[in-house]
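Input: a single structure, listed below in structure tokens.
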Amino acid sequence: MTGSFVEVPLPSRAGAVAAPAARRSVWSRVRRIAPPYLYLVPAVVLLVVWTYRPLTQTFYLSLHSWNLVPTSPMREAGFGNYVRLLTTPELGESVLRTFVVIAGMLPFTVLIPVVVGLLTRRVRGRAAAVYRALVFAPMLVAPVAGAAVWQWLLDPASGVVNRLLGTELNWINTTGTAQLVIIVITGWHLVGFATLVVSAGLAGINPDYAAAAQVDGASRGQIRRWVTLPLLSPTLAFLILMTVLLSAQWTFPLIDTLTQGGPVGSTTNVYYLLWEYGFRSHDAGLAAAAGVIFFLGFILLAALLAGLADRLSHHDD
Amino acid sequence: MTTERGGHDEPVGARGPARRIAGHVVLGVLGLFCAFPIYWLYATSLRAPGDVFELSVLPWPLSTGNYTDALGKIDLAGMLLNTGIVAVLSAAGQLLVALLAAYAFAAWSFRFSRLLHLMFVGTWLVPFQVTMLPNYVLLSRLGLLETLAGVIIPTLCSAMGVLLLREHLKGFPKELLDAARMDGRSSWSTLWTVVVPALRPVLAALGILLAITAWNEYFWPAMVLQRSNAVVQLGLRSFLGTEGNEWGPLMATAGLTCLPVFVLYLVLQRHIVNAFVRSGLK
Numbered sequence: 000m001t002g003s004f005v006e007v008p009l010p011s012r013a014g015a016v017a018a019p020a021a022r023r024s025v026w027s028r029v030r031r032i033a034p035p036y037l038y039l040v041p042a043v044v045l046l047v048v049w050t051y052r053p054l055t056q057t058f059y060l061s062l063h064s065w066n067l068v069p070t071s072p073m074r075e076a077g078f079g080n081y082v083r084l085l086t087t088p089e090l091g092e093s094v095l096r097t098f099v100v101i102a103g104m105l106p107f108t109v110l111i112p113v114v115v116g117l118l119t120r121r122v123r124g125r126a127a128a129v130y131r132a133l134v135f136a137p138m139l140v141a142p143v144a145g146a147a148v149w150q151w152l153l154d155p156a157s158g159v160v161n162r163l164l165g166t167e168l169n170w171i172n173t174t175g176t177a178q179l180v181i182i183v184i185t186g187w188h189l190v191g192f193a194t195l196v197v198s199a200g201l202a203g204i205n206p207d208y209a210a211a212a213q214v215d216g217a218s219r220g221q222i223r224r225w226v227t228l229p230l231l232s233p234t235l236a237f238l239i240l241m242t243v244l245l246s247a248q249w250t251f252p253l254i255d256t257l258t259q260g261g262p263v264g265s266t267t268n269v270y271y272l273l274w275e276y277g278f279r280s281h282d283a284g285l286a287a288a289a290g291v292i293f294f295l296g297f298i299l300l301a302a303l304l305a306g307l308a309d310r311l312s313h314h315d316d
Numbered sequence: 000m001t002t003e004r005g006g007h008d009e010p011v012g013a014r015g016p017a018r019r020i021a022g023h024v025v026l027g028v029l030g031l032f033c034a035f036p037i038y039w040l041y042a043t044s045l046r047a048p049g050d051v052f053e054l055s056v057l058p059w060p061l062s063t064g065n066y067t068d069a070l071g072k073i074d075l076a077g078m079l080l081n082t083g084i085v086a087v088l089s090a091a092g093q094l095l096v097a098l099l100a101a102y103a104f105a106a107w108s109f110r111f112s113r114l115l116h117l118m119f120v121g122t123w124l125v126p127f128q129v130t131m132l133p134n135y136v137l138l139s140r141l142g143l144l145e146t147l148a149g150v151i152i153p154t155l156c157s158a159m160g161v162l163l164l165r166e167h168l169k170g171f172p173k174e175l176l177d178a179a180r181m182d183g184r185s186s187w188s189t190l191w192t193v194v195v196p197a198l199r200p201v202l203a204a205l206g207i208l209l210a211i212t213a214w215n216e217y218f219w220p221a222m223v224l225q226r227s228n229a230v231v232q233l234g235l236r237s238f239l240g241t242e243g244n245e246w247g248p249l250m251a252t253a254g255l256t257c258l259p260v261f262v263l264y265l266v267l268q269r270h271i272v273n274a275f276v277r278s279g280l281k
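As they're listed, the protein sequences go chains A and B. For the first sequence, the residue numbers in numbering that gives the first Met the number 0 are 0 to 316. For the second sequence, the residue numbers in numbering that gives the first Met the number 0 are 0 to 281.
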């Protein structure tokens, strides 16, 4: 592997090249072009095998009916799975719940981090390092361990929360509060990370803008509204996009360990529904059809948000 | 929370101690909300088995009874070892694969570079749950269900790792690469003698980040190891959800599950936070 680091166009050799020389030049051309591709082979092969191949196969599965048993036959089903999926009330309800989760996550991933970030820019030194360590810690807690400790905190009879409030609420197994519990625990995992991202964004803003506005007589509130927040908008767009795309995935381990989608389906969001179709009902076709629809839906949503973010973001050029 | 040059959006003179105190209060409340559950986890696990329902903030007398209880109920040591193997092999594999790919993007400009780069970015849009069924079927055909290899192999290409390292290598001085070429070094030896030493801090941070993620991974092991509960996240699950939880041993198990990560975090705090935040921003 002795290729040059920058691919140079092959010098044109006008007409009169003898056959052996041509063969050699093809060989040397391959040797020159091949290295970057060779370095990419492991990553690309893995990507194709574990991401893009299954993606196309999910499309294929969605048009068939199969119960996941290797020996049983796969039958063609046309769009039957899609029709079945779109006529169940479960789908609409789970989509709605997914939006509730996303909306419920935004305070934790955007609102609180921005407020905290703005309020705490003057806390520094050792105290700042301690706070940073504290708020970041939940990010490191395994989701199942997080589920375990929150189940203990929220225990109806002897949990700290109920004993402090003087109530005996069964937070996790009540339809009204189960979704809230899932949102708060997921928020607890992420709020520290989001706060750090916002702080990094704030630290990256050139202070000259604020100083200039101040010279022009702008008040603190005005500067925050018209200078700092607009310059922070790319960071905020990133956090919002992340929340929208990943909220439903983040809640999965909590739902699977705490509520299994219940009570009465009140915490079943789109990904949990998919999991149930696949591994509870062993209905591969239906699960694949749901996967395809959610995949397309999220792409649409992501494109919309990215477009919106691009239009609204102010860049610090 | 800290900025090198904070408070520039306010007039001079408005930076009283009052605002600084407000900052401490806000951060203190948030810090308490974040840290209390973790504290309570360890506090409960260290209470004597009879005192588990106590509300006193300090667990006293300390006892390791819950830990011995948990170790007697499930094969916790074996699970921790398995999880460690998964985390280390998965992180090392991802690091190597990502390094090679990122090197290709940074050191050469080649025709399909943009397209291949998009292939990596595109994985953000493909959620695990959409690809899980075909991957499950493939693993079962390969006979890798219920094995640790089945947990590790599908994770080996981390698109995030490739993109992060690519960003870092972009800033790598091209002159150094050219100089190595003038010396007649192959691109392979340039990678290991010039690029890797310069990239060591980034590689270390990314490696730790990947290992922590692999350690805490739940969804994929839950699918591959449906019967055996061979990693701690799944072992912990087997304690949960039943009526009349034994909170003491459960907290001890959860505490041990998180302990290796916390130890790593305490030792390498600054690097880990930087790696997390940077991976989020790129």
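We treat Cβ as the ideally placed atom computed from N, Cα and C, and that holds for glycine.
Which residues of chain A have a Cβ atom closer than 8 Å to the Cβ of residue i, listed in chain order?
| i | result |
| --- | --- |
| Phe109/B | Glu6, Ile32, Pro35 and Tyr36 |
| Ser139/B | Pro69 |
| Ser62/B | Per Cβ cutoff of 8 Å: no residues; Ser62/B is ~17 Å from chain A at best. |
| Ile211/B | Leu139 |
Pull the bridge partners of residue i from the DSSP assignment, please.
| i | result |
| --- | --- |
| Ser64/A | Arg74/A |
| Arg46/B | Leu61/B |
Compare the C-beta of residue i against all C-beta atoms of chain A and say whether one is closer than 7 Å.
| i | result |
| --- | --- |
| Asn81/B | no |
| Trp246/B | yes |
| Arg236/B | yes |
| Leu70/B | no |
| Tyr347/B | The structure shown does not extend to residue 347/B, since chain B is modelled only from 0 through 281, so no value can be given for it. |
| Leu40/B | yes |
| Ala100/B | yes |
| Val201/B | no |
| Leu267/B | no |
| Ile207/B | no |
Contact criterion: CB-CB distance below 7 Å. Does residue i meet it with respect to chain B?
| i | result |
| --- | --- |
| Thr250/A | no |
| Phe294/A | yes |
| Leu45/A | yes |
| Pro112/A | no |
| Gln56/A | yes |
| Leu311/A | no |
| Gly334/A | Given that chain A is displayed from residue 0 to residue 316, the structure contains no residue 334/A and the question cannot be resolved. |
| Val148/A | yes |
| Pro137/A | yes |
| Tyr276/A | no |
| Val214/A | no |
| Leu118/A | yes |
| Leu307/A | no |
| Phe98/A | no |
| Ser246/A | no |
| Tyr81/A | no |
| Ser157/A | yes |
| Ala42/A | yes |
| Val180/A | no |
Pop quiz: residue i and residue j are said to be a contact at Cβ under 8 Å. What is the actual Cβ separation, rounded to whole angstroms?
| i | j | result |
| --- | --- | --- |
| Ala146/A | Leu257/A | 5 Å |
| Leu75/B | Gly247/B | Wrong, their Cβ atoms sit about 14 Å apart, outside the cutoff. |
| Ala301/A | Leu175/B | About 38 Å separates the two Cβ atoms, so there is no contact after all. |
| Gly284/A | Ala76/A | 6 Å |
| Val269/A | Phe293/A | 5 Å |
| Ala17/B | Leu118/A | No, Ala17/B and Leu118/A are not in contact; Cβ-Cβ is about 12 Å, not under 8 Å. |
| Pro60/B | Ala47/B | 6 Å |
Given that residue i touches chain A, what residues does it touch there, using C-beta distances under 7 Å?
| i | result |
| --- | --- |
| Thr256/B | Ala141 and Ala144 |
| Ala103/B | Pro35, Tyr38 and Leu39 |
| Thr43/B | Trp151 |
| Ala148/B | What Ala148/B touches in chain A: nothing, since even the nearest Cβ is about 13 Å away. |
| Tyr264/B | Leu139 |
Kindly list, in the order they appear in chain B, the residues whose Cβ is closer than 7 Å to that of residue i.
| i | result |
| --- | --- |
| Thr50/A | Thr122, Val125 and Thr130 |
| Trp170/A | By Cβ distance, chain B contributes nothing, its closest Cβ being about 14 Å from Trp170/A, past 7 Å. |
| Ala361/A | Past the edges of chain A, shown from 0 to 316, lies residue 361/A, and the structure says nothing about it. |
| Leu333/A | Shown here, chain A extends from 0 to 316; a query on residue 333/A therefore has no answer. |
| Thr53/A | Looking at the sequence provided, one finds Pro at residue 53/A rather than Thr. Thr130, Pro133 and Asn134, listed in chain order. |
| Arg162/A | Leu54 |
Counting only Cβ pairs nearer than 8 Å, list the residues of chain B close to residue i.
| i | result |
| --- | --- |
| Phe297/A | Leu124 and Pro126 |
For the ligand FMN, I want to know if residue i counts as a neighbour, meaning its beta carbon is within less than 6 Å of at least one of the ligand's heavy atoms.
| i | result |
| --- | --- |
| Asn268/A | The ligand content of the structure shown is nil, which means the ligand FMN is not present either. |
Item to complete: Could you run through the region 187-200 of chain A and flag, in chain order, every residue whose CB is less than 9 Å away from some CB of chain B?
Response: From the region 187-200 of chain A, only Trp187, Val190, Gly191, Phe192, Ala193, Thr194, Leu195, Val196, Ser198, Ala199 and Gly200 have a Cβ closer than 9 Å to chain B.
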